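Undergrad: Residue numbers (the numbering used here), protein chains in the order written: chain A, 1 to 189; chain B, 190 to 479.
Mind looking over this structure? Questions follow.
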């Protein structure tokens, strides 16, 4: 008999996102954690996150820095003996954390994602320079100073273009119509 | 003549991986292969979009796939991230009918439809398996004479779904290097992560991973690294000096796109190769062949 009733809704929410359904299949063998290049830097390892989610620890799971340290290298996914798409599960946790306002301030990755997505949403493409500049403006402009040697190297070798690739007006409008539709019908099943 | 739909991705078209796109097109031409760019394609959405809004992410990719479907050829991309995301969209649309219905509705809002028939391929797959090592070897005019190369695959070209090569110990790029006359040195970490996009928000984590890769390549005698992904190349090349500075190392390994190395062996010249865009100088290592 379980003493605590697990918070069903967190598990249901995770399962409703494509790739998240595997959360119910985990046998806690730890293969994902042993495979993860960043597990030792995470507040909770990948397998711990699953155990905590199943125990209904919503705030602890969704405010963890763990999923934001995921590299999407998919090593866990190809090794999981239960066929869990662990990387996609990390993405599902990221998206729930953002939607519920719990994305951690202890990683700058949520800000990087936002900078990226702002550009892709408005232009349909990703201009490197604009994206990086926007990231440093949103996170900490002072950190950009430390990046100057890297930036100079890129500029010197003609690698950094300030020009953004733009879609033709018809293409841009088409994409906007699709994304607006997606926004109106909502993502999670 | 072979024909493919071509999806360069943001980096390899106008971005920091521009030399990748240029050299890919030049090399394909030598191999009688036409890469026909999809008209007015958009960003694949990559990991950041799929991690915030799954439906909008699938829409971004589905639009590209729908545009490619009109032409009917396999869709080729040189970018590992575009590859994994376009492929994932294909499999998710089959696997999750409810999402499929929503994506169809969004496509209709853009007056598009997608029937799921486009096969998504990575450029390395096409060159290795469609064109083949013998045909590549036949075009070599400046054999690499045993140049010691570390073939770096990174993650998303071989994982997660069963693809054209082994998910942890791939060999196709090694074989390609050999067909150019080079030597592919043992490189145990060849499919381990370079830090990916975390280089921007969490630099420390990424630098540590890169140092392990450089150690592995250098200790096996590699004179240079080749990559199959614009982000891997960007990290290993532009941030090599940061690894040296922050982690007290002294690496000096040129990092080339595999299409640049092919171009060198095919006797191509600038601006097709774009070697000047490499931050770690390539001249010394490639002087013998140019």
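Glycine residues also receive a C-beta, built at the ideal position from the N, C-alpha and C atoms.
These numbers come from a predicted model, not from an experiment.
In whole angstroms, give me the CA-to-CA distance for residue 160 (chain A) and residue 218 (chain B).
TA: By one-based count along the first chain, residue 160 (chain A) stands at place 160. By one-based count along the second chain, residue 218 (chain B) stands at place 29. Rounded to whole angstroms, residue 160 (chain A) to residue 218 (chain B) spans 27 Å at the Cα level.
Undergrad: Please determine, among B:270, B:239, B:319, the residue with the shortest C-alpha to C-alpha distance to residue 92 (chain A).
TA: Counted from its first residue, the first chain places residue 92 (chain A) at position 92. Measuring from the Cα of residue 92 (chain A), the nearest candidate turns out to be B:239.
Undergrad: Please confirm whether residue 356 (chain B) has its beta-carbon closer than 8 Å to some beta-carbon of chain A.
TA: Here the question's residue 356 (chain B) lines up with position 167 in the second chain. By this cut-off, residue 356 (chain B) is an interface position.
Undergrad: Between residue 125 (chain A) and chain B, is the shortest Cβ-Cβ distance under 8 Å, so that the two count as touching?
TA: Within the first chain, numbered from 1, the residue matching residue 125 (chain A) stands at position 125. For residue 125 (chain A), the answer is yes, since a Cβ of chain B falls inside 8 Å of its Cβ.
Undergrad: Going by CA-CA distance only, name the one from B:267, B:450, B:427 that's closest to residue 479 (chain B).
TA: On the second chain, residue 479 (chain B) is found 290 positions in, with the first residue counted as 1. That would be B:450, whose Cα lies nearest to the Cα of residue 479 (chain B).
Undergrad: Could you check what DSSP says for residue 477 (chain B) in three-state terms: helix, strand or coil?
TA: Looking up residue 477 (chain B) in the second chain gives position 288. Correct three-state label for residue 477 (chain B): helix.
Undergrad: If contacts are defined as beta-carbon pairs under 8 Å, then residue 370 (chain B) and residue 329 (chain B) qualify, I think. What distance do you get, rounded to the angstrom?
TA: Working through the second chain from its first residue, we reach residue 370 (chain B) at position 181. Working through the second chain from its first residue, we reach residue 329 (chain B) at position 140. That pair is a contact at about 6 Å.
Undergrad: Between residue 251 (chain B) and the ligand ADP, is the CB less than 7 Å from at least one heavy atom?
TA: Within the structure as shown, the ligand ADP is missing, as the structure has no ligands at all.
Undergrad: Report yes if the C-beta distance between residue 346 (chain B) and residue 378 (chain B) is below 8 Å; otherwise report no.
TA: Position 157 of the second chain, counting from 1, holds the residue named residue 346 (chain B). Position 189 of the second chain, counting from 1, holds the residue named residue 378 (chain B). Result no, Cβ atoms of residue 346 (chain B) and residue 378 (chain B) do not sit closer than 8 Å.
Undergrad: Suppose only complete runs of 4+ residues qualify. What are the alpha helix (DSSP H) ranges in the stretch 348 to 413 of chain B, listed by chain order?
TA: 361 to 368, 392 to 408
Undergrad: Using the C-alpha atoms, what's the distance from residue 39 (chain A) back to residue 342 (chain B)?
TA: Against the second chain, residue 342 (chain B) aligns to sequence position 153. Against the first chain, residue 39 (chain A) aligns to sequence position 39. Roughly 22 Å separates the two Cα atoms.
Undergrad: With distances taken Cα to Cα, identify the nearest neighbour of residue 171 (chain A) among A:163, A:55, A:146, A:124.
TA: For the purposes of this step, residue 171 (chain A) is taken as the residue at position 171 of the first chain. For the residues A:163, A:55, A:146, A:124, the minimum Cα distance to residue 171 (chain A) belongs to A:124.
Undergrad: Mind pulling the alpha helix (DSSP H) runs of 4 or more residues that sit fully within the stretch 125 to 188 of chain A?
TA: 128 to 138, 143 to 146, 148 to 156, 169 to 185
Undergrad: Figure out for me which residue from A:107, A:83, A:76 has the closest Cα to the Cα of residue 42 (chain A).
TA: Locating residue 42 (chain A) in the first chain gives position 42, counting from the first residue. When each option's Cα is compared against that of residue 42 (chain A), the closest is A:107.
Undergrad: Would residue 292 (chain B) pass as a contact of residue 247 (chain B) if the rule is Cβ separation under 8 Å?
TA: Sequence index remark: in the second chain, residue 292 (chain B) carries index 103 (1-based). Sequence index remark: in the second chain, residue 247 (chain B) carries index 58 (1-based). Cβ distance < 8 Å, so residue 292 (chain B) and residue 247 (chain B) count as in contact.
Undergrad: I'd like to know if residue 94 (chain A) contacts chain B, where contact means its C-beta is closer than 8 Å to some C-beta of that chain.
TA: By one-based count along the first chain, residue 94 (chain A) stands at place 94. Yes, residue 94 (chain A) counts as interfacial toward chain B.
Undergrad: Check residue 280 (chain B) in the structure and name its three-state DSSP category.
TA: Counting from one through the second chain, the residue named residue 280 (chain B) turns up at place 91. Note: residue 280 (chain B) maps to helix in three-state DSSP.
Undergrad: Can you find a C-beta in chain A that's less than 8 Å from the C-beta of residue 468 (chain B)?
TA: Along the second chain, one-based indexing puts residue 468 (chain B) at 279. Yes, residue 468 (chain B) lies at the interface with chain A (some Cβ there is under 8 Å from its Cβ).
Undergrad: Taking the beta carbon of residue 473 (chain B) as the centre, do at least 16 other beta carbons fall within 10 Å, making it buried, or is it exposed?
TA: Your numbering for residue 473 (chain B) matches position 284 in the second chain. Burial call: exposed.
Undergrad: Mind checking whether residue 461 (chain B) and residue 215 (chain B) have CB atoms under 8 Å apart?
TA: If you number the second chain from 1, residue 461 (chain B) lands on position 272. If you number the second chain from 1, residue 215 (chain B) lands on position 26. In this structure, residue 215 (chain B) lies closer than 8 Å to residue 461 (chain B) by Cβ.
Undergrad: Do you know how far the Cα of residue 368 (chain B) is from the Cα of residue 102 (chain A)?
TA: The residue labelled residue 102 (chain A) in the question sits at position 102 within the first chain. The residue labelled residue 368 (chain B) in the question sits at position 179 within the second chain. The straight-line gap from Cα to Cα measures roughly 52 Å.
Undergrad: Please report the straight-line C-alpha distance between residue 192 (chain B) and residue 177 (chain A), rounded to a whole angstrom.
TA: Residue 192 (chain B) sits at position 3 when you count from the first residue of the second chain. Residue 177 (chain A) sits at position 177 when you count from the first residue of the first chain. So the two alpha carbons sit approximately 31 Å from each other.
Undergrad: Report the neighbours of residue 281 (chain B) on chain A: residues whose CB is nearer than 7 Å to its CB, in chain order.
TA: One-based indexing of the second chain puts residue 281 (chain B) at position 92. Under the 7 Å cutoff, chain A gives 18.
Undergrad: Using a beta-carbon distance below 8 Å, is residue 221 (chain A) in contact with chain B?
TA: Missing from the structure shown is residue 221 (chain A); chain A here goes from 1 to 189 and no further.
Undergrad: Tell me which residues share the same chain as residue 325 (chain B) and place their Cβ nearer than 8 Å to its Cβ, disregarding the 5 neighbours each side in the sequence.
TA: Locating residue 325 (chain B) in the second chain gives position 136, counting from the first residue. Closer than 8 Å at Cβ, skipping near neighbours: 220, 316, 365, 368, 369, 451.
Undergrad: Under DSSP, the beta strand (DSSP E) around residue 311 (chain B) begins and ends at which residues?
TA: Indexing the second chain from 1 puts residue 311 (chain B) at position 122. Looking at the DSSP string, the run of the beta strand (DSSP E) that includes residue 311 (chain B) is 309 to 311.
Undergrad: Just the C-alpha distance for residue 458 (chain B) and residue 327 (chain B), rounded to the nearest angstrom, thanks.
TA: Here residue 458 (chain B) corresponds to residue number 269 of the second chain, with the count starting at 1. Here residue 327 (chain B) corresponds to residue number 138 of the second chain, with the count starting at 1. When rounded, the distance between both Cα atoms is 18 Å.
Undergrad: Could you check the C-alpha separation between residue 24 (chain A) and residue 182 (chain A) for me, to the nearest Å?
TA: As a position in the first chain, residue 24 (chain A) is number 24, starting the count at 1. As a position in the first chain, residue 182 (chain A) is number 182, starting the count at 1. Going by the C-alpha atoms only, they are around 28 Å apart.
Undergrad: Nearest chain B C-beta to residue 89 (chain A) closer than 8 Å, yes or no?
TA: What you label residue 89 (chain A) is simply residue 89 of the first chain in a count that begins at 1. Judged by the 8 Å Cβ criterion, residue 89 (chain A) is not in contact with chain B.
Undergrad: At what residue ranges does the stretch 303 to 341 of chain B contain a whole run of the beta strand (DSSP E), taking only runs of 3 or more?
TA: 309 to 311, 337 to 340
Undergrad: Mind checking residue 297 (chain B): buried by the 16 CB within 10 Å criterion, or exposed?
TA: Counting from 1 along the second chain, the entry for residue 297 (chain B) is found at position 108. Burial call: exposed.
Undergrad: Between residue 263 (chain B) and residue 331 (chain B), how many whole angstroms is the CB-CB distance? I'm expecting something under 8 Å.
TA: Along the second chain, read from residue 1 onward, the residue named residue 263 (chain B) stands at position 74. Along the second chain, read from residue 1 onward, the residue named residue 331 (chain B) stands at position 142. Incorrect: roughly 30 Å between the Cβ atoms, too far for contact.
Undergrad: Select from the stretch 442 to 461 of chain B all residues with a C-beta closer than 9 Å to any C-beta belonging to chain A, and list them in chain order.
TA: none
Undergrad: Quick check on the DSSP output: the beta strand (DSSP E) that includes residue 446 (chain B) runs from which residue to which?
TA: Residue mapping note: residue 446 (chain B) aligns to position 257 of the second chain, counting from 1. 444 to 446 is the span of the beta strand (DSSP E), which, as asked, contains residue 446 (chain B).
Undergrad: What residues in the stretch 105 to 116 of chain A have a beta carbon less than 7 Å from any beta carbon of chain B?
TA: 107, 108, 109, 111, 112, 113, 116
Undergrad: Which bits of chain A does residue 234 (chain B) rub up against, with CB to CB less than 7 Å?
TA: Within the second chain, the letter at position 45 stands for residue 234 (chain B). What residue 234 (chain B) touches in chain A: 120.
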